[in-house]
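Take a look at the structure set out below.
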Amino acid sequence: MILVRKGRALAACALLAIFASGAAQAATQGTLGATSTGTVTISATIPSRVQISGLSDFVFGTLDPTTDTSLSKNVCVWSNTGTKGYNITATGNGGVSGTAFTLTNGSKTLDYGVEWAGSTGQASGTALATGTAANGFTSTATAPTCGSGPTPTASLIVRFTSAQMLAAVGTTAFTGTLTLVVAPE
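For the sequence shown, the numbering used here gives the first residue as 327, with consecutive numbering after it.
Structural data, given as structure tokens:
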């Protein structure tokens, strides 16, 4: 009876060793002979990546505070995910509401709006809130910098409403930086 139990225990240990060694080492070794063949398993992981390019400054010049105004620029976003998906987060220094973007001149401020469209040539798009990712965009780019050019894939829109301009102090030149972060989806 004791020998049967020991035999079963040894068999169980042998099976466990076989399964454990197979999982840990997938390579097979060649045998001694006129030829010898061995195999190895090769694995690699490609992480999700994105890139934004083709950006240029927005220079509005002198604005008429009684008329809403906006500028749209085509930009390039590339994504290597299976869906070519990405999200975008725009960051400014915030406004009174916390969702606005703000230009400054000393202590004087001018709020503005930012929109993003997932295709080129758009005059309007999805309104962005500062520091909040807008999801669900898909790139058509086939290379990280969208090829030679680069070929644009999206539209960045900056907008001033009449109310925003009328709330600002006149005869003041306002400036600021808008930071755009794309992430894979």
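Ideal Cβ placement from N, Cα and C applies to all residues, glycine included.
Take R375, set aside five residues on each side of it, and the residues of its chain with a beta-carbon closer than 7 Å to its own are N406 and P510, in chain order.
Bounds of the beta strand (DSSP E) holding S396 are T395 to S405.
DSSP places S362 in the coil class of the three-state scheme, outside both helix and strand.
The criterion of a C-beta distance shorter than 9 Å is not satisfied by T417 and L482. Only residues of its own chain outside the window of five on either side were considered, and among them P391 have a CB closer than 8 Å to the CB of G496, listed in chain order. Short of 8 Å from the beta carbon of K434, and not among the five residues preceding or following it, lie these beta carbons of its own chain, in chain order: A494, V495, T498 and F500. Two segments are said to touch when three or more pairs of C-beta atoms, one from each, lie closer than 8 Å; by this definition the stretch 394-404 touches the stretch 440-460. Among the bridge pairs identified by DSSP, S481 is matched with N400 and A443. Beta-bridge annotation (DSSP): K434 is paired with N431.
When rounded, the separation of the alpha-carbon atoms in A467 and Q377 is 10 Å. The secondary-structure analysis by DSSP pairs A453 across a beta bridge with E441.
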